[in-house]
Amino acid sequence: MATIQWRPEINAMTTPQSYWIRFIPRNVLGKADMAARMAKVLPNYTEEEFRTFIDLHNQLIAESLTNGEQVTEENAFTYSLSFTGKLAARGKCEP
């Protein structure tokens, strides 16, 4: 098993100075790469079928978020909406 690569970086938001950990990826994988890996593990399905499964997975997450739901994948990720903006006095909103 490979180790995780990282380096310390200065946290510009703190006084006194502190650091945070910056993750350094070894490689960047896309949908096709992941589908190929999945097809090796489960050879009953083709890479194209796995690409379709990945697309459907992402579509269902997007639909859930649009419906105001949060999606949690156990021991992995939580998908939720976030908002960025500035609220002015009296409920006026500025983007």
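Quick note: to get the numbering used here, add 1207 to the position in the sequence shown (first position is 1). Idealized CB from N, CA, C, for every residue including glycine. Treat the numbers as computed from the prediction; the structure is a model and nothing was measured.
I believe residue i touches residue j by the beta-carbon criterion, under 8 Å. Please report the beta-carbon distance rounded to the nearest angstrom.
i: A1242; j: R1258; result: 5 Å
i: Y1226; j: N1234; result: Contact flag wrong, Cβ pair sits at about 25 Å.
i: S1289; j: V1278; result: Going by Cβ atoms, the distance from S1289 to V1278 rounds to 14 Å, so no, they are not a contact pair.
Measuring alpha carbon to alpha carbon, tell me which of the options ends up nearest residue i.
i: I1211; options: I1231, T1221 and Q1224; result: I1231
i: N1265; options: F1284, R1214 and P1215; result: F1284
How is the beta strand (DSSP E) around residue i delimited, first residue to last?
i: T1279; result: V1278 to E1280
i: F1230; result: S1225 to F1230
Starting from residue i and walking both ways along the alpha helix (DSSP H), at which residues does that stretch end?
i: N1218; result: Run containing N1218: none in the alpha helix (DSSP H); it sits in the beta strand (DSSP E), W1213 to N1218.
i: T1273; result: E1254 to T1273
i: A1209; result: Note, A1209: premise wrong, no alpha helix (DSSP H); not H, not E.
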